[in-house]
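So the structure is just underneath, and the comments pick up after that.
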Amino acid sequence: MKYIGKFYHPRKKLRFYGLYDRDENLVYPVESIFYPNKTGDPYNFNQLHPLLCIQPSKIIGIGKNYRSHVKEFNSSVPEEPVIFMKSPNSIIGPEDKILLPEGAGQVDFEGEIGIVIKKEIENISEENALDYVLGYTCANDITARELQKKDGQWSRSKSFRTFCPVGPWVLPVSEFPNYKNLSLKTYVNDKPVQFAKASSMIFSIPYIVSFVSKVMTLYPGDIILSGTPAGVGPLKRNYKIAVEIEEIGTLINRVSSK
Ligand code: MG
1 MKYIGKFYHP RKKLRFYGLY DRDENLVYPV ESIFYPNKTG DPYNFNQLHP
51 LLCIQPSKII GIGKNYRSHV KEFNSSVPEE PVIFMKSPNS IIGPEDKILL
101 PEGAGQVDFE GEIGIVIKKE IENISEENAL DYVLGYTCAN DITARELQKK
151 DGQWSRSKSF RTFCPVGPWV LPVSEFPNYK NLSLKTYVND KPVQFAKASS
201 MIFSIPYIVS FVSKVMTLYP GDIILSGTPA GVGPLKRNYK IAVEIEEIGT
251 LINRVSSK
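If you read the sequence shown in my numbering, its first letter stands for residue 1, the second for the next number, and so on.
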């Protein structure tokens, strides 16, 4: 399997976009994640650290997209996708720290499959939606739960700095056409707490992309968070939180109060 992302070579102090070939254990430098043509000699994957590879113009979240999560919140299954915005400033990469904002009350993790947009889209049909998707990544839709309930509108609770870890890289759609088989797991301090397959989403990945594109123009690098399954819970200082998509890899972040 091949992945695209951004990498750091500590010895050479070099940051570059790369195509990671897991079978060869090599990372080939490429022009960008959107033009993954090889531009130079590969590096051994073990010498590199993954970095944040996406800079979205916007992050769109989908609420209540798994029946198990709807049930855990005693909520009702939506007739249409519930969409909300998360500030692009909330984004962080692998190994970056999640900061607990002072006075924000309970802060929860939500492991999710992130959908990364490849080309500008407006009003795309469900049938053609995946042609405009670059691929999938692990994401954590961190939420200040008490503020979410208090405000009614979700923007504040979802948008604090560091509230959107993503990565470690993107699995291109071309590498994994059967998106329904993606499987998501979340671990808190190495204990498994969430599990779901993309096939159990209420609204499928192509449906979500089509639905959002009928509302707003999506640009390359924009991210849609496709919703979280049951098992969400609070984060405390020094917790280690890992979101794993079996076919991709593991996004690890630790929690800090500063
Ligand atoms: Mg969510």
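Even for Gly, the Cβ is constructed at its ideal location relative to N, Cα and C.
Cutoff 6 Å; reference residue i; Cβ partners in own chain excluding five residues on either side
i	result
residue 34	220
residue 179	198, 205
residue 234	106, 108
residue 218	117, 121
residue 61	84, 86, 141, 225
residue 70	64, 77
residue 246	183
residue 93	51, 52, 167
Exposure of residue i, with buried meaning 16 or more beta-carbon neighbours within 10 Å
i	result
residue 128	exposed
residue 47	exposed
residue 160	buried
residue 14	exposed
residue 172	buried
residue 191	exposed
residue 73	exposed
residue 153	exposed
Unbroken beta strand (DSSP E) run spanning residue i, endpoints
i	result
residue 108	107 to 109
residue 224	223 to 225
residue 269	What the structure shows of the chain is the stretch from 1 to 258, and residue 269 is not part of that stretch, so it cannot be assessed.
residue 166	164 to 172
residue 86	82 to 86
residue 12	It is not in any beta strand (DSSP E) - residue 12 carries neither H nor E in the DSSP assignment.
Bridge partners - residue i, DSSP secondary structure assignment
i	result
residue 21	2, 26
residue 112	139
residue 230	Answer by DSSP bridge pairing: none, since residue 230 is not bridged.
residue 244	185, 250
residue 194	186
residue 219	For residue 219, which the question treats as bridged, DSSP gives no partner whatsoever.
residue 49	8
residue 128	Answer is none; residue 128 lacks a bridge partner.
8 Å Cβ shell around residue i - same chain, five flanking residues per side excluded
i	result
residue 96	52, 162, 165, 253
residue 55	88, 91, 221
residue 24	42
residue 67	77, 200, 202
residue 57	88, 219, 221, 222
residue 31	17, 37, 39
residue 114	136, 137, 138, 139, 166, 223, 224, 225, 226
Contacting residues, own chain, Cβ-Cβ under 7 Å from residue i (five flanking each side not counted)
i	result
residue 119	132, 220
residue 156	147
residue 189	239, 240
Host alpha helix (DSSP H) of residue i (start-end)
i	result
residue 205	205 to 213
residue 97	Note, residue 97: premise wrong, no alpha helix (DSSP H); beta strand (DSSP E) at 97 to 99.
residue 151	145 to 151
Cβ-heavy atom distance, residue i to ligand 3, below 7 Å
i	result
residue 215	Within the structure as shown, ligand 3 is missing, the only ligands being ligand 1.
Check: Counting by C-beta, which residues lie closer than 6 Å to a heavy atom of ligand 1, in chain order?
Finding: Those satisfying the condition are, in chain order, 61, 110, 112, 141, 225, 227, 228.
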